[in-house]
Structure formats: C-alpha cells, structure tokens
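Just below is one structure, and these are the notes that go with it.
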Amino acid sequence: MDRELALELVRVTEAAALAASRWVGRGDADGADGAATEAMRNMFRTVNIRGVVVIGEGEMDEAPMLAQGEEVGTGRGPRVDVAVDPIEGTSMVAKMLPNALSVAAIAPRGHLLKAPDMYMEKLACGPRLRGILSLDDPLETTLRKAAEALGKPLSELSVAMLERDRHKAHLEVARRLGVRIKLLNAGDVLGAIATALPRGGTDLYIGSGGAPEGVLAAVALRCLGGDFQGRLMPQTPEQRERCQQLGLDVAKTLTLADLAGDDDAIFAATGITDGDWLEGVRREGDYLHTHSVVMRVRTGTVRHVNATHYRPLELRLAQTV
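Written out as structure tokens, the structure is:
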C-alpha cells in the first residue's frame with residue numbers, strides 16, 4: 003500500500019469526527035452515528051482504493067451505509083479490506099463524555115477478519131507481554147504471568163475491562179488477587195489499545211466486547227507492537243450459523259495474525275470528545291480543530307496530526323462527493 007494512504011485515511015476519520023461533533027451532548031446517539039457514517043462514507047469516495055468493507059455498520063440488509071461487503075473508494079489503486087467505526091463510543095458522544103473516537107483501518111485484500119456482529123472474548127497487552135500470555139489460560143494464571151513478566155507485584159498490575167454484569171467473575175478474580183482495575187463505561191477499541199500506549203495506564207485489557215471492535219484494536223496493536231487474542235462468543239443459533247457461513251471456528255483462539263493479517267496495515271483515529279489519547283474537536287470562531295493519530299505496521303510509525311478546518315466545510319461534509 004502507498005504511504006500516501008495514511009493521510010487519506012486521516013481525512014476519512016476527520017470527516018466523521020467533524021460531523022459527529024455537532025451532536026456532542028445532544029442525547030441522540032443514533033443521530034450522531036448516522037451523521038458520522040454518512041460523512042465517512044462520502045469522504046471514502048475521494049480515496050484512491052478499491053476497498054471492500056469487512057468491518058462496518060452491520061450486514062448489508064441491515065445497514066444503509068458502510069455495511070459489510072460495500073465497495074468504497076474511487077475504484078482505482080490497491081485492493082484493500084476496510085474496517086471502520088465512525089463513532090467508537092456513540093453513548094459518549096450523546097452524553098458529552100470523554101474518549102469518543104472515529105476510527106478506520108485498511109489492509110491488503112483478504113488480511114482482515116470479516117468478524118460477525120457478536121461478542122468476542124478478548125485479551126490485549128503491550129509489547130512487553132507479547133507472546134507470553136494466552137487467552138486459553140485461566141484468568142488468575144494470566145494475571146500472575148503478566149505481573150511476573152513485568153517485574154511487579156500483583157498489587158501494582160493494572161487491568162481494564164468494560165463495566166458489565168457479564169464480567170462479574172473476572173472482577174471477582176482480579177479483586178481477590180489485589181490487582182488495580184479500570185472499569186470502562188464504553189470504548190472497547192481504545193481500552194485494548196491503551197495497553198500498548200506509553201501513558202495508557204493499564205497493563206492488560208480483558209473481558210468480552212464487540213468482535214468488529216476487536217479487529218480494529220488488533221490492527222492498532224500490530225502497529226504498536228502489542229498483542230491481541232480473541233475468541234468468538236455466539237449467543238444464538240443464528241449467530242452460530244453466521245460463523246459457519248463465514249468459515250469461522252468458534253472454539254479457536256484467534257491470534258493477532260488471524261484478526262489483522264501478517265502484511266501491511268494502516269490505522270487512523272480522530273478524537274471527537276477530549277480523551278486520554280486524543281483531543282476532541284474544538285471550535286474557535288469559523289474554524290474547527292481536530293487531533294488525529296495514524297499508524298502503519300510496515301514502518302512502525304505513529305504520527306499525530308493536528309488540523310484546522312474552516313467551519314463552513316464542516317457543514318458541507320454530508321454532501322461531499
């Protein structure tokens with residue numbers, strides 16, 4: 003893939019973040035998601051790729067835009083898989099809470115897992131723990147291995163998970179061992195990525211979350227040298243049938259390569275609301291300011307992009323061709 007695509011992918015996440023920013027604090031998660039999705043889709047029309055959405059807003063018979071299987075791009079350039087989440091944290095946008103992002107990733111065709119929309123059990127960590135931990139181990143074993151590898155007592159180990167009733171057993175094990183626990187209201191993608199950030203504040207990310215979000219996090223962690231493992235968790239016969247249709251073994255522990263390939267990949271994110279990693283969209287008169295990050299597997303480069311946009315452009319994003 004051409005390196006110029008890194009900046010093009012930033013333009014895509016910027017468009018979605020700018021559109022979503024108009025909905026911050028308005029209590030309408032669906033309205034925000036619709037605006038961001040439309041803006042992202044329209045901006046993709048200007049990008050020289052022959053892209054197919056493998057992680058998007060849902061199945062083509064359910065989602066009107068950026069659905070799995072939709073073709074995006076100009077129809078010129080490299081053939082790529084596309085993974086998107088126009089708003090990672092729609093509830094955070096609706097409630098004006100921190101850490102809402104717009105995220106997207108691309109990789110050569112056939113390298114990103116076409117994950118169905120269901121839960122996935124996850125284990126994410128930074129570079130120092132890569133190759134040491136296993137999702138197949140009991141959680142207590144995983145936590146003890148992590149503490150030993152990091153050279154710290156269990157009382158100084160920090161783990162993050164979504165604050166959900168389904169994580170009660172995980173929480174009980176972690177509390178019994180005395181580790182520090184960061185409970186997240188939302189932000190499944192950033193929760194996993196944070197384990198590989200210098201100031202991420204956590205050593206591990208555990209528990210279940212969306213499978214599509216797992217693929218996006220896996221791409222980012224490949225860029226950052228971290229690790230990610232997942233296991234699909236179908237809850238209904240229909241979900242099991244969907245896995246069979248996609249040729250996915252629900253008993254298999256999916257590795258980083260299974261999820262995000264073993265070739266090049268690019269990940270981009272733009273802040274919508276202020277957060278631990280990125281600043282949100284800021285308004286100053288007729289101008290809007292965005293803060294984005296773009297990372298590439300092949301080079302290991304992490305670039306932060308600060309941009310200023312003339313505000314009337316924001317109002318035309320939904321009509322971009």
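Start counting the sequence shown at 3; every next residue gets the next number (the working numbering). The beta-carbon is built from N, C-alpha and C at its ideal position, and this holds for glycine as well.
Are the CB atoms of LEU179 and LEU164 within a distance shorter than 7 Å? no
How far does the beta strand (DSSP E) with ASN44 in it reach, from first residue to last? Run containing ASN44: none in the beta strand (DSSP E); it sits in the alpha helix (DSSP H), 31 to 46.
Return the CA-CA distance between GLY202 and ARG305, expressed in angstroms with no decimal places. 17 Å
Is the beta carbon of THR292 sitting closer than 7 Å to the one on GLU16? yes
Nearest residue (CA-CA) to THR303, options CYS225, VAL12 and GLY282: CYS225
To the nearest angstrom, how far is the alpha carbon of ALA22 from that of THR310? 16 Å
Just the Cα atoms here: how many angstroms apart are PHE230 and THR257? 7 Å
Between ALA148, ASP190, GLU243 and ARG168, which lies nearest to ARG182 when the distance is taken from Cα to Cα? ALA148
Tell me, please, which residues DSSP counts as bridged to VAL86. ALA106
Identity of the residues DSSP links to GLU286 by a beta bridge: TYR289
Residues that GLU123 bridges to, as DSSP identifies them: SER210 and ARG233
Determine the closest residue to VAL282 out of ALA259, VAL307 and ASP260, with distance taken between C-alpha atoms. Sequence inspection shows Gly at residue 282; the Val mentioned does not correspond to that position. GLY282 has its Cα closest to that of VAL307, out of ALA259, VAL307 and ASP260.
Supposed close pair ASN50, THR76 - CB separation, criterion 8 Å: 5 Å
Pull up the distance between the alpha-carbon of ALA219 and that of ILE195, whole angstroms please. 6 Å
Of the choices ASP32, SER104 and ASP4, whose alpha-carbon is the least far from that of VAL295? SER104
If contact is defined by three or more beta carbon pairs under 8 Å, each pair taking one atom from either stretch, is the region 209 to 218 in contact with the region 232 to 239? yes
Within 10 angstroms of its Cβ, does LEU185 collect 16 or more other Cβ (buried), or is it exposed? exposed
Touch check for the region 130 to 149 and the region 112 to 122: three-plus C-beta pairs under 8 Å? no
From what residue to what residue does the alpha helix (DSSP H) around ILE195 run? 190 to 195
Measuring only the C-alpha atoms, how far is ILE108 from VAL12? 12 Å
Apart from the five residues just before and just after GLY277, which ones in its own chain have a Cβ nearer than 6 Å to its Cβ? PRO100 and ASN101
Taking 7 Å as the CB-CB cut-off, is TYR121 touching chain C? In the structure shown, chain C cannot be found, because there is only a single protein chain.
Contact set for ALA19: own chain, Cβ-Cβ below 7 Å, skip 5 residues either direction: SER104, THR272, GLY273, ILE274, VAL283 and THR292
Quick one: residues in its chain with C-beta nearer than 6 Å to the C-beta of THR144, no 5 flanking neighbours on either side, listed in chain order? LEU135
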